[in-house]
Structure formats: structure tokens, C-alpha cells
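Working notes, structure below.
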Amino acid sequence: MATLQNPGPTRPTSAKAGLTIVDPRKITGKHAKAARSAHRKSAHKGSDTQQKQHHQQQANGKSVNQAATTTTTTKPRICRGRVGNLESNVPQAWWKHVFADEFYLKTDGDVVEDPDVTRSEVDMLESYPYVAAILRRGSESAASAAITDDKSTPAAPVRVLDLCCGQGRHLLELARRYPRLHLHGHDQSQYLIELARDRSAAMGVADRCTFTVGDCRTVPAAPDSYDLVLIMGNSFGYFSSTASDLQVLREAHRVSRLGAYLVVDLADGRYMKQNYSPRSWEWIDDDTFVCRERQLAKDGKALVSREVVTDVNKGVIRDQFYAERLYERDEMEMLLEMALYTPAREKHERTTPPSARSSAAPTPVLPLHTISIGGNAVGGLAAASSSVNAAGTSPPTAPEIMTAAKDLSKRQEDLGMMGQRLLVLGVKDRATDPDYPAWVSPPVQHVQLPQPASAAMSVPTNQLANLDLNESSTEENESTSTLGSSASTSDHEDDLAAPDSGVYLHDRLAPSQAMALHLQLHLTTGAFPSPVPPPEIPHLIVLMGDPSLACIGKLNDTWNAEDLATREKLYDVLRPLWNETKGQLRIFERHSKLLAELGAVASHPHLRDNVFVFNLCDEGFRNDALQELHVPALLELLQLPYSGAGPLSLGFCYDKGLVNSTARALGVPTPRESYYLGNSLAAHVPPTELGAAALDRHVRADGVTYPAFVKPMRGDNSLGITVRSLVHDAAELHTYVCDLYHQHLGDVIVQEYLSGPEFSVGVIGNPDSGLHFLPVLQVDYSAIEQRHLVPILGFESKWDPTSPYWNDIQFLRAKLPDSVLRLVFARCAVLFERLGCRDYARFDFRADAPLPTWCTATRAAAGAAADGDQPVEKYLNAAEAEALASRIKLLEVNPNPGWCWDGKLAHMARIEGKSYADLVMMILHVGWDRVRRQAPPAAPVVDEIDA
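The numbers in full-length UniProt numbering rise by one with no breaks, and the one at position 835 of the sequence shown is 835.
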């Protein structure tokens, strides 16, 4: 607590009248006598009152001191007592508290304050020849290092960055060994940085050691500053998402010079998942001990820990919770590659051995991947000679594993995540990746992002190249494509029956008809030929998100290699059909020029009626999801025809609460749900000011019980939908709602958790011409459930390539009976029309509980079907079909759903026997046909347009 200092003599004031109270003993003049008399009476009266209170307290059996004790403020409770779910108690930015004072140096002191352990870990760095070569340059004489090859320019000093350096133990050991290294330590803890500065001054190396305080994702250094970057002492994986951890690596890449190495020392994720201690305790000094609890996080990718520190004289003095992500080697190397590093094992072909820093005779050369790095007195390495058999060959052992803390700890008690660690190394061997432009990296406040390289095409015969599309922009040679006239297309072939084709709904469905759910559906197969020919669109504009701007909601809020590769697959479909050279195809993706480019097209005399905009800008204008509807609104203002939903539909469907309310009114089953408007001061108080009990009462009043599922009311890209969305009690609910509120996602929906199979229904078409239903998908969570993870499609399944949700989830064709599918299709049809969807959409559903096995798809059943063993469909009467369909409840409506080659729609098309190109052509066909039916007669098509 802060200590109040005495500000000097002050004048007390009357609490009632606000008047100044004057000491009567200082009054002089004619009123002095009366004032002193009144003062004595008041003092005597006060004395009488005190005596009466004293006698009353004695009568009640209390002494004066005891009475005073009862009014003393009770100290806040430190220990939280028994806690069932550790993860729900981990505070945001927990590291700001755990490393804020000396407790960290006590609880982990047997490792982080042991000089023998630190020396062993630095020995380990020297064991890598390519790292040792960098360090040796820091010990060369001034004469050998001062001049470069041209004998005129001083050589750049060797600079080492220790990211998350703590008290600087590794940097100070390097400073002791290498007198010419320039060393920089960066950490968020002001306490530890001050300690590092004091110790560097005591060692006399402060002139070569710089220590700064700040977030490890933002280093106060210019690009290309360091020859070696270290993240030591298990200081990686503190953030709650892989995306934030990736930011740390990308920031390290930014400040590294070409040829620099990155060394990451982190807990061995695979080992910890299998060997962590759920409960342990140890003495950290003669009077203090710490008790620890540990649990794996819900997603199985982090270890959540609790430390209760107790002083034998004072009781519990600290109760803290924290969580560290558990990465395995392959996952870390994948992250390095995503950060534009080349893993050192790949760079050196896994044959460069670590060699212990020792004066002993050299040991046999061993492959890097067969060395077990442990701790011993000569350098923190397991003796290589012990790994060599009599024949001189090396038996396979574990990869680079560091056990110096375990081997050298003086206490030999609970080492936790410090006991067995991985060493993962990467090299910056390229400034940029040709397939992964540097400008997709996340913006850093003190760094200007480079502009994208030119990709413009200058074609003299391009008729539209003469259009002045750059009036409002001074940028030159920016990434654009061309637009022009139509390529000739073949006539439509006769409809062909396609294998596994979906259902085609021709009849236009009015909402009143759909509510009855007894529609006479006209079903047909082979609605589209295979392959699907291209539509006769003279001029095609593809409108995309802007890759030169950050994109909130994507992994790391930016464009990744997968995003850019997905675009290229789309362009590979379009370019053979529409000639860019002749101006038949143009791609608009620079939003700073979008108004001028579209305005020029809209004002061109030959284009207005012969152009079609393929609107795939689902990121929104300027990559703002809240402005996704602005893009079709702009196109409508310019009277340019486009694919997909209009602005009203996009705006309405962006709000899940509005969609679900509308669906319920139309008779479509939805989950029980409660709305909490944390951003609306008129409706609710912020959740941080509302207790868990009050929030619990609010959702229970709407019929929602636990387990429940929490998600933002508005949003895209599954933002805010994670494994923590599944809550089991009031505490978890309140914690996650508060976390979403801090992420500016204050308005949330709390739904009953639907634990049954999940389905996706894809629709292509329009109500007045027919709706083609693609084969229904069922999400296969079997591999996720085998890992004991929450079976959901959340943020990680879309954006985190290292997550099991990305890698292990598959899609199967649903096994629902036709009678149930017809009811589901009818509900989709009425929602499609009522919500204003156009051309294509996707509807996601989930059953409220597991369905009978005969209507649930499995991988084994899918394999049998592929071998020709078709299951026998169970017959259901109308009542049975309705009962089963009523259990399948709406999750979400997606107008303009994902168009990616590996997305759900593409997977549905493949089941139907169609390619990704066929899917793209189907969407273009229905959109172009809609426009032609609604538009007035078009002007003659001109293949080449004069300037």
C-alpha cells in the first residue's frame, strides 16, 4: 500500500458547514474568555461521553482494546482455497505479476540463480559450431576485427539480443567470456531489468550491456541489428495463442541480420504432457515452501500451474496462476518456418554435431539428431563418448534435449517445466520469401512496412489499360490485373447426371409455405453438367481483400502464406478462361485505389452492361469485417452487377442474435440462448463490474444451463470462438465473458452446448430459379475427441496450422435419411430467402445430443461406402423424421461463405464429383444468370475497347 506523507499543518474544516475551525486557545480580544470557557465545556462533555462508552464496553464483557480490535479492517484473503479448474483462474498477462518482484527468484532460484546451471547452458550454446563462430567474433582482438575486407570501413560489432532476458543471467555470462560482444537484454519485468543493470554494473560490463523494458513482440531496435537472438530459460510460450507466440519469432526475424541465428530454449512439450506432476511441493528456504498444482489446458496445448507460497511465520503470502504453451519440436520448427527462419537441422542437413566445450580429447562426430544434450560439469552436455558403442557408431537417442537444470540443481526437488527442455535453432538465410512477401508481417509501431513489389502488367493491346484508373493515387506500378472482353465459350452441354449429386429445389419458397415444413420439393439430379463450362461473362472483375493492409481476425492479424496460395489457386482457375492480356480479367485488391478503379469502370460507355464483379472481398473494405457490407453497397451505388449477397443481408447475418431470433420466428430450431450486451451501457453493466453470480442468474433466467457455449454476438473468422467458449460453471462463464469484453467483444451469446454431430449445408442458386443443395457434410471430430479436446470448429481450426484443430478435423458425407434432409433443406430455403442471400450460402447446424449410429457418419462407414458397401437407409415416417430434424439446431448462416479451394463448399463439390473449378463456375453461372434476368437489354459486346 502507498504511504501517505505528512503534508504539514493543515486547517481542519467543519464537516457540516464547511467553515474553518479555529483553535479557541489562540483567540484574543473581547471574545477570548467566552471561547475558552466553551472549549472547556466541550472537552468535559467529550470526556464524559468517553467514560460512558468505557463503562458500556465493560458491561458487555469487552475491554477498550478489544472493542478497538473489532473495528480494524480485515486484510484481504490471499489464498483462493480449493480450485477445480485452474485455467479459468489464470489472469490475462499473468507474467506481469509473476515476474514483478523477488518471488520468482525464490521459487525458481535453484535453476535461475544457480551460476553452474547458467554456465552449463552457455556451454551448450557454444557446442553448436555455427553459434560458436558468431560468439568467437566477440572475443577477437581489436586489430583483427576493426577493419573489413576493403581495409577502410570499420566492421560492424557483433550484437546479441537476449529476448525475455529476465535478470540477464545468460547475457552477463556471455559478457564475462566475450569482451567485445555488444549485448542487449529485453524483458517486460521492470524489477528483473533493474536487477540486471545492477549486476552488470557490479561486474564492470555495463558499457557493453544494454537492458530495456517492454513487450517481447516489440523490440526497440532497427531492422537487421543482431547477429544472434536468444530466447532462453523457458521464456517462450507465455501467450494464450500461437499467433502471439509467432509474433515474437517474427519480431526476432525483423531485428536479425541476414545469416543470424535464433536459439529458442523451451519446455519439451511432448515430455511435459506425459510427465507433469499434478501436485508437488518443495522448500525454497528454511522458512518458506511452495505447493504447486498443475493441469493440462482444455485444448491440451498448455500446462496450467498454480503456486501457493507459504511462510511458516506469516502463512500464505502468494497464490498465483499461470499457463505456458507446450510445443513439440516439429511444431516449433513449423513456427520458425512461418516466421521466415530455416530450422538449423534442415539448414545443416542434421549432420552438424554439438561438441562440448572442454579441454578433453575430441569425441567422435555424431549426427545432430542423435545427440542427447544433458548437464555435466564440463559443459552441460551428455558425454558423447557414452553414446558411442564399441564399434564406434552412435545408437539412436533423443533429439537435442537439455537437462542441465535437472542434473545440476542443488535442491533436487520440483523442477517443473525447467527439468527437461528443447533447444530449437533457426537461421535467417533469406531476407524475404518469394512466396511469402515481407509486407504480410504484422505492423510494428516503430517500423514502416515496406510496400508490396510491383506486379502490374503493361500490355499495349490491353484496351482497358488506357482507362485512367489512377487519378486519385500517386502510387505507381501497383499490383493490378486487367479487364477486357469475353473469351469465346462453348454452348451449354446437355445436363449430365453427376455422381453423388445433391438436391435441386426449383420451387420458389414463400416464408409462409416453408413454416409448414411440408413442402412438395421438386428434386432432380445433375443440375449442372460436369465439367461446368464457364458463363458467357464478357468482362470479369475479381474483387478481393487488400493484402497490403493488416486483417484483424486472421492468424496474427495479417496475411499468411496459405492465404496467398489460396488466391493463386483461384486465379489458376480464372486465367485460362478470361484473358488478362486482352483485358477480359482484372483483379482489384488495392483498396486505396478501389473507388477510382470501380468508378472508371462504371463510367465507361461499353462496360456497364457487360461487366460482372466477382465479389470475394469477405474481409470487408480495408479488411474491416464491420465494413464487409460496404463493398456491395459501393457496387450498388455505381450500378455494377456483382455476385453474392447484398449489403442488407450481410449486415443482418453479421449479427448472430438477429439471425437466431428470425430463425425461431420462422419455426427453425435454434439452441436455447441468452444475450448479454456488455457493450451497451443502457442494457447491461460491463461484465467486469458484474459478479459471476449475477451473470449466472441472467443466463439461467433465459433457460440456459451448463455446460454452455459462449461466442461473440457479432464477428467473423470464428473470432472469439475457442475451446474456452465451452463453460461448465458460473466462474468459467464470467471469466470468459470478461476476457471477450477486454478484446472489445462485449456483446455475447450464451447458448446451450450442442454435443451432437455438426452438419454444414451448402446452397448454390436463387429462389426464383432454383436452389441446388450440395451434399451435406458432417464434421468428423473423432481424432479431436481421442485427444480429449473440445469438439468445436473455432479460431484455431481456421488459422493455426500447428493446432490439432487444423490438422485432425475431417469432413464426411452426412448419413441423414432423405426424409430428414428434406426438412433441413426446407428450413435452409426459407432462411435463404428471408435473410436475402443470393447465389450461394452455407448453413451450419448441430444436433443437441448424439444421434443414433445408423444416421451418424464415421470414417469406417465412409471407407466401406467407398468400397461399394452402401448402408441400408432406415425408413422414418413423417412424425419420426420431424422429431429427428427438430434436434438439429441452427448454429450460423453464412452468406458469401468461404470460397477457398480447401473450404467446406469445395469439399461438398468434390463429394458431388465436381472440381474446384466447377464450383467456381457454378457460382459465377447463377450470379450472372440472375443479373441477366433482372437487367435491361445489354449493349452490344465489344471484344476490344478503344481508349
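Every residue gets a Cβ at the ideal spot worked out from N, C-alpha and C, and that includes glycine.
- DSSP lists no bridge partner for residue 792.
- Secondary-structure assignment with DSSP links residue 184 through a beta bridge to 161 and 210.
- Around the beta carbon of residue 826, 16 or more other beta carbons sit within 10 angstroms, so the residue counts as buried.
- Between the alpha carbons of residue 256 and residue 94 lies a gap of roughly 28 angstroms.
- Under the Cβ criterion (8 angstroms, minimum of three pairs), the segment 913–923 does not count as touching the segment 820–837.
- With fewer than 16 other CB atoms across the displayed protein chains lying within 10 angstroms of its CB, residue 278 is exposed.
- By the neighbour-count definition (other C-beta atoms within 10 Å, threshold 16), residue 807 is an exposed residue.
- Beta-bridge analysis with DSSP links residue 845 to 759 and 890.
- According to DSSP, residue pairing for residue 290 in a beta bridge involves 282 and 309.
- By the Cβ neighbour-count rule, residue 203 is exposed, with fewer than 16 other Cβ atoms within 10 Å of its own.
- The segment 748–764 makes contact with the segment 884–897: 3 or more CB pairs, one atom from each, lie closer than 8 angstroms.
- Counting along the chain, residue 708 sits inside the beta strand (DSSP E) bounded by residues 708–712.
- The beta-carbon distance between residue 78 and residue 316, rounded to whole angstroms, is 5 angstroms. This is short enough to meet the 8 angstroms contact definition.
- Contact between the segment 735–752 and the segment 709–716 is present: 3 or more CB-CB pairs across the two stretches fall below 8 angstroms.
- Comparing alpha carbon positions, the residue from 541, 578 and 725 closest to residue 641 is 541.
- Residue 642 sits in a strand when the DSSP states are folded into three classes.
- Going by beta carbons, residue 422 and residue 268 fall inside the 8 angstroms limit.
- Looking at 677, 574 and 741, the one whose alpha-carbon comes closest to that of residue 656 is 677.
- Under the three-state reduction of DSSP output, residue 934 falls in the helix class.
- Bridge pairing for residue 770: 766 [DSSP].
- Distances from the alpha-carbon of residue 790 to those of 914, 741 and 727 put 727 closest.
- Only residues of its own chain outside the window of five on either side were considered, and among them 855 have a CB closer than 6 angstroms to the CB of residue 816, listed in chain order.
- Contact between the segment 203–219 and the segment 685–693 is absent: fewer than three C-beta pairs spanning the two stretches fall below 8 angstroms.
- Beyond the five residues adjoining it in sequence on each side, residue 335 comes within less than 8 angstroms, by CB distance, of 242, 245, 246, 249, 327 and 802 in the same chain, given in chain order.
- Bridge pairing for residue 342: 427 [DSSP].
- For residue 782, the enclosing alpha helix (DSSP H) begins and ends at 782–786.
- Collapsing the DSSP output to three states places residue 752 in a strand.
- Ranking 913, 785 and 933 by CA distance to the CA of residue 298 puts 785 first.
- For residue 139, the number of other beta carbons within 10 angstroms of its own is below 16, and it is reported as exposed.
- No Cβ-Cβ contact shorter than 8 angstroms links residue 588 with residue 580.
- Per DSSP, the beta-bridge partners of residue 321 are 306.
- Assignment of residue 804 by DSSP, reduced to helix, strand and coil, places it in the helix class.
- Sorting 675, 312, 310 and 295 by C-alpha distance to the C-alpha of residue 304 places 295 at the top.
- With at least 16 other beta carbons inside 10 angstroms of its own, residue 234 counts as buried.
- Counting C-beta atoms within 10 angstroms of its own C-beta, residue 620 has 16 or more neighbours from the protein chains shown and is therefore classed as buried.
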